[in-house]
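**Student:** Protein sequence lines correspond, in order, to chains A and B. Going by this note's numbering, the first residue of the first sequence is number 1, and it counts up by one from there. Going by this note's numbering, the first residue of the second sequence is number 1001, and it counts up by one from there. Each residue gets a CB set at the ideal place from its N, CA and C atoms; glycine is no exception. Sharing a structure with you now.
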Amino acid sequence: MSKLSLKTEGEKYVVVTRRFNAPPAAVYRAHTEPELIQQWMLGPEGWSMPVCLNDARPGGKIRYEWSNGKGAGFHLTGEFVELVPPNKIVHVERMHLPDPTPDNHIETTFEPDGEGTFMTMRMTLPDAQTRAAMLATGMEGGMETSYVRLENMISANAELNKMAS
Amino acid sequence: MDLNAAFSAVADPTRRAILARLAHGEATVTELAGPFQITQPAISQHLKVLEDAGLISSRVVGTKRPRRLSKSAIDAMDHWLVMLRNALEKNYERLDEVLAAMEQTKKTTKEMK
């Protein structure tokens, strides 16, 4: 059973929820302290985040750089809008692939849930097209590998269909 | 198939409703236009977007062109969303471990005091 839920809402929103077995203060720290972020925000196996700048105050800058150790990489930049430790982070981010994607406005809340935390990450994209592009290209953490795998799968599927007809 | 076009195509509520109707089986433009308060040309325009995105296909039966869902396209989109979810879930599984280690460090520090 996956504890993660990822849903689209209306035209411009993507909402991700998940529960953690740790109090909001710890989950908040793991989202704002670079040495903790570098241990988990990595995407597929084999990727690392050699650069993690996270100036957690309103107006503070964010810069995450990912690398697969084989010359491939991309980065994300952003700015913090509002921080209410340990319950809320509002920030804006964009991926550089290498052209910057439109701004993704993200509000993340950490609510106490028993002994743990219920996280809700609400992303607001400028419009339906941008959301579509984000979902199609993957959101974070080196999704290219998966994308290539998917393309292979689709072309394999097309071949099979051709053979069947 | 262009996933980008596919996700753009399903961003529209009318087009999602058309796909939902087609999930029940093949239908003609007239049948599809039935439940909507929009003209047949408007429906045809939506069908064109869905067809260009590879989500539906059509065949010719006499003077009619019934539309049907393209199963491989829908499967590919489903598959993509599952992979996206899995990649995020992998991140959060690592975060679970980080949080457990933080808790352990806190306990050890307390015991040392």
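For chain B, is any of its Cβ atoms less than 9 angstroms away from the one on E93/A?
**Tutor:** As a working mapping, residue 93/A is identified with position 93 in the first sequence. Not one chain B Cβ lies under 9 angstroms of E93/A.
**Student:** Could you work out which residues of chain B lie near V27/A, taking near to mean beta carbons separated by less than 9 angstroms?
**Tutor:** In the first sequence, the residue the question calls residue 27/A occupies position 27. Under the 9 angstroms cutoff, chain B gives L1095 and L1099.
**Student:** So G1054/B and A1073/B are supposed to be a Cβ contact under 8 angstroms. How far apart are they, rounded?
**Tutor:** As a first step, residue 1054/B must be located in the second sequence, where it is residue number 54. As a first step, residue 1073/B must be located in the second sequence, where it is residue number 73. With 8 angstroms as the limit, G1054/B and A1073/B qualify as a contact, their Cβ atoms being about 5 angstroms apart.
**Student:** Can you tell me which of T8/A, P24/A and K12/A puts its alpha carbon nearest to the alpha carbon of A128/A?
**Tutor:** Numbered from 1 along the first sequence, position 128 holds the residue referred to as residue 128/A. Considering only alpha carbons, the answer is K12/A.
**Student:** I'd like to know whether the C-beta atoms of R1065/B and L1050/B end up nearer to each other than 9 angstroms.
**Tutor:** Against the second sequence, residue 1065/B aligns to sequence position 65. Against the second sequence, residue 1050/B aligns to sequence position 50. Cβ atoms of R1065/B and L1050/B: not closer than 9 angstroms.
**Student:** Can you tell me which of P85/A, K3/A, T17/A and N21/A puts its alpha carbon nearest to the alpha carbon of D1096/B?
**Tutor:** Position 96 of the second sequence, counted from the start, is the residue given in the question as residue 1096/B. Cα-wise, what sits closest to D1096/B is N21/A.
**Student:** Using three-state DSSP, classify N68/A as helix, strand or coil.
**Tutor:** Counting from one through the first sequence, the residue named residue 68/A turns up at place 68. Three-state DSSP puts N68/A in coil, outside helix and strand.
**Student:** Counting only C-beta atoms, is D1078/B closer than 9 angstroms to chain A at any point?
**Tutor:** By 1-based counting over the second sequence, the position of residue 1078/B is 78. Cβ-Cβ to chain A under 9 angstroms: no for D1078/B.
**Student:** Assuming the contact rule is C-beta atoms closer than 8 angstroms, A1005/B and D1052/B should be a hit. Round their C-beta distance to whole Å, please.
**Tutor:** The residue labelled residue 1005/B in the question sits at position 5 within the second sequence. The residue labelled residue 1052/B in the question sits at position 52 within the second sequence. That pair is a contact at about 7 angstroms.
**Student:** Please tell me whether V81/A and Y64/A are closer than 9 angstroms, where the distance is taken between their beta carbons.
**Tutor:** Along the first sequence, read from residue 1 onward, the residue named residue 81/A stands at position 81. Along the first sequence, read from residue 1 onward, the residue named residue 64/A stands at position 64. Result no, Cβ atoms of V81/A and Y64/A do not sit closer than 9 angstroms.
**Student:** Taking C-beta pairs closer than 8 angstroms, name the residues in chain A that A1011/B reaches, listed in chain order.
**Tutor:** What you label residue 1011/B is simply residue 11 of the second sequence in a count that begins at 1. Result: E11, A128, Q129, R131 and A132.
**Student:** For chain B, check one thing: does any of its Cβ atoms lie closer than 9 angstroms to the Cβ of P44/A?
**Tutor:** As a working mapping, residue 44/A is identified with position 44 in the first sequence. Cβ-Cβ to chain B under 9 angstroms: yes for P44/A.
**Student:** Check whether the Cβ atoms of I106/A and E115/A sit closer than 9 angstroms, and answer yes or no.
**Tutor:** As a first step, residue 106/A must be located in the first sequence, where it is residue number 106. As a first step, residue 115/A must be located in the first sequence, where it is residue number 115. No, they are not a contact pair.
**Student:** Q130/A and T120/A look like a contact to me (Cβ under 8 angstroms); what is the Cβ gap, rounded to whole Å?
**Tutor:** Stepping through the first sequence from its first residue, residue 130/A is reached at position 130. Stepping through the first sequence from its first residue, residue 120/A is reached at position 120. Residue identity differs from the one stated: residue 130/A is Thr in this sequence, not Gln. Actually they do not touch by this definition, with Cβ atoms about 21 angstroms apart.
**Student:** Helix, strand or coil, according to DSSP, for P1013/B in the structure here?
**Tutor:** Your numbering for residue 1013/B matches position 13 in the second sequence. In this structure, P1013/B counts as helix in the three-state DSSP scheme.
**Student:** Sort out for me which residues DSSP pairs V14/A with in a bridge.
**Tutor:** For the purposes of this step, residue 14/A is identified with residue 14 of the first sequence, where counting begins at 1. Answer is T8/A and M123/A, bridged to V14/A.
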